[in-house]
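Chains as they are written, first to last, in this note's numbering: chain A, 1 to 210; chain B, 1001 to 1210.
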């Protein structure tokens, strides 16, 4: 299956600013993207990065440039094809080939993997009229859009697909459950798990450069 | 399968204090507990609430009182049985019969459903020597404990099992994905989804009483 991976190339992961400097955020975002691409390929699917600007990647994948906002760019991809299309976010650092396989093999005109906070982290679209709207509570909006066009909805109950990495507290998940380039990058940056207290937190000794 | 549901009866959900008053936290914690119990029963398993003090429940379930800390109380249950035992946290408000079934039918000497932040939200124990240690990064600790005694570990990749409700921001998940008494309680308390901005948040008009 063709899998589109949207990527904001210029200012990735701004909400990680309290934990990571600008260059680190850029390198970390590209590491997560590479992990996602490799998981998609290992599951036997074909990733295309849908980037806001031209991109040099550490891994082999097609890149399509579209500088429009996320929903408009993804909808242009949906309009341009009449075969099933998956959309997987570039910051799902915990994704494995098995999770991609679960997503793509699930039946349904529309298959949604919800993200935390009411979001939509991954989608499979097999209905020609379905269009995305990522603004706000997109999980509920996507269910409503599917209902309106008579498309049935399948849901994927996955912690790995639900865990988009947006905020400093999300880095814990990458350090605990990640296996690829993204946790390796964090460790290069000096992060480790703080396991002293009742909860685990990402911790590093040096101060953050901006 | 016997399923133990630990419950802190006296001071439940203190980290929800910024969003809910003391009586509300108590009622909400009991609503989540009732949802968890009903999901376990609907999946064909036998729940026992392991409570820190005697408890009147809105639903029919056995209650065992043990006022020791969580890990000691759960380990006493593990020591007292030679049949498989599951341990499911009482604040998994998104749990459904299907998720309980996924947990209990997964093979493995030890089966772990990780929670956010490195936690362990649900467990199945089929190895006589396995003991829990919920302090800190319990997911990693439980994997290490299993490894030490030669027990194989299965993992359940579930957003519903990963979503323990600890902090005000977690209430969004209950409002979006919950189906039982817990979201009904929140709505009674005046919460609704704020879908105006780019992210969804739980919102209510009135101020919080303490």
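Here a beta-carbon is modelled for each residue, glycine too, at the ideal position from N, C-alpha and C.
Just so we're clear, the structure is a prediction, and the values are computed from it rather than from any experiment.
Cα-Cα separation, residue i to residue j
| i | j | result |
| --- | --- | --- |
| residue 1120 (chain B) | residue 6 (chain A) | 32 Å |
| residue 1134 (chain B) | residue 71 (chain A) | 41 Å |
| residue 1226 (chain B) | residue 1155 (chain B) | Outside the displayed range of chain B (1001 to 1210) lies residue 1226 (chain B), so it cannot be described from this structure. |
| residue 1073 (chain B) | residue 1066 (chain B) | 6 Å |
| residue 12 (chain A) | residue 1030 (chain B) | 41 Å |
| residue 1182 (chain B) | residue 1035 (chain B) | 7 Å |
| residue 1032 (chain B) | residue 1091 (chain B) | 6 Å |
| residue 1021 (chain B) | residue 1057 (chain B) | 21 Å |
| residue 81 (chain A) | residue 3 (chain A) | 12 Å |
| residue 145 (chain A) | residue 76 (chain A) | 17 Å |
| residue 1028 (chain B) | residue 1019 (chain B) | 12 Å |
| residue 944 (chain B) | residue 1191 (chain B) | Outside the modelled stretch of chain B, which goes from 1001 to 1210, sits residue 944 (chain B), for which no answer is possible. |
| residue 1160 (chain B) | residue 42 (chain A) | 26 Å |
| residue 1153 (chain B) | residue 1111 (chain B) | 6 Å |
| residue 1055 (chain B) | residue 1010 (chain B) | 10 Å |
| residue 1 (chain A) | residue 105 (chain A) | 10 Å |
| residue 195 (chain A) | residue 1116 (chain B) | 14 Å |
| residue 47 (chain A) | residue 1166 (chain B) | 36 Å |
| residue 1060 (chain B) | residue 103 (chain A) | 37 Å |
| residue 127 (chain A) | residue 1107 (chain B) | 36 Å |
| residue 1025 (chain B) | residue 1170 (chain B) | 13 Å |
| residue 1188 (chain B) | residue 1023 (chain B) | 13 Å |
| residue 86 (chain A) | residue 40 (chain A) | 10 Å |
| residue 38 (chain A) | residue 123 (chain A) | 18 Å |
| residue 1095 (chain B) | residue 149 (chain A) | 29 Å |
| residue 136 (chain A) | residue 1084 (chain B) | 43 Å |
Min CB distance residue i to chain B below 8 Å
| i | result |
| --- | --- |
| residue 110 (chain A) | no |
| residue 118 (chain A) | yes |
| residue 173 (chain A) | yes |
| residue 140 (chain A) | yes |
| residue 162 (chain A) | yes |
Where residue i sits in the DSSP three-state scheme
| i | result |
| --- | --- |
| residue 8 (chain A) | coil |
| residue 54 (chain A) | coil |
| residue 1155 (chain B) | strand |
| residue 41 (chain A) | helix |
| residue 99 (chain A) | helix |
| residue 208 (chain A) | In this prediction, residue 208 (chain A) scores a pLDDT of 44, lower than 50, which makes its location untrustworthy; no coordinate-derived value is stated. |
| residue 1092 (chain B) | coil |
| residue 1168 (chain B) | helix |
| residue 1131 (chain B) | coil |
| residue 14 (chain A) | helix |
| residue 59 (chain A) | coil |
| residue 1145 (chain B) | helix |
| residue 1203 (chain B) | strand |
| residue 46 (chain A) | strand |
| residue 1107 (chain B) | coil |
Candidates the options, of which the one nearest residue i by Cα
| i | options | result |
| --- | --- | --- |
| residue 79 (chain A) | A:186, A:203, A:125 | A:125 |
| residue 1203 (chain B) | B:1105, B:1182, B:1184, B:1175 | B:1175 |
| residue 173 (chain A) | A:49, A:69, A:93 | A:93 |
| residue 168 (chain A) | A:149, A:186, A:158 | A:186 |
| residue 163 (chain A) | A:9, A:151, A:178 | A:178 |
| residue 1118 (chain B) | B:1143, B:1097, B:1105, B:1128 | B:1143 |
| residue 193 (chain A) | B:1138, B:1145, B:1064 | B:1138 |
| residue 53 (chain A) | A:46, A:102, A:63 | A:63 |
| residue 1089 (chain B) | B:1191, B:1010, B:1051 | B:1051 |
| residue 131 (chain A) | A:151, A:113, A:115, A:116 | A:151 |
| residue 1129 (chain B) | B:1147, B:1122, B:1140, B:1116 | B:1147 |
| residue 140 (chain A) | A:158, A:127, A:113 | A:113 |
| residue 68 (chain A) | A:100, A:8, A:149 | A:8 |
| residue 97 (chain A) | A:180, A:184, A:85 | A:180 |
| residue 1044 (chain B) | B:1136, B:1107, B:1171, B:1100 | B:1100 |
Chain-ordered chain A contacts of residue i [CB-CB under 9 Å]
| i | result |
| --- | --- |
| residue 1297 (chain B) | This structure does not reach residue 1297 (chain B), given that chain B is present from 1001 up to 1210, and the question cannot be answered. |
Closer than 7 Å at the beta carbon, the chain B residues around residue i
| i | result |
| --- | --- |
| residue 137 (chain A) | 1176, 1193, 1195, 1200 |
Residue i: contacting residues in chain B (beta-carbon distance under 8 Å)
| i | result |
| --- | --- |
| residue 114 (chain A) | 1159, 1176, 1177 |
Amino acids of chain A, ordered along the chain, whose beta-carbon sits closer than 8 Å to that of residue i
| i | result |
| --- | --- |
| residue 1093 (chain B) | Ordered by position in chain A, no residue passes the 8 Å Cβ test against residue 1093 (chain B), which lies about 14 Å from the chain. |
CB contact check: residue i to chain A, cutoff 8 Å
| i | result |
| --- | --- |
| residue 1165 (chain B) | no |
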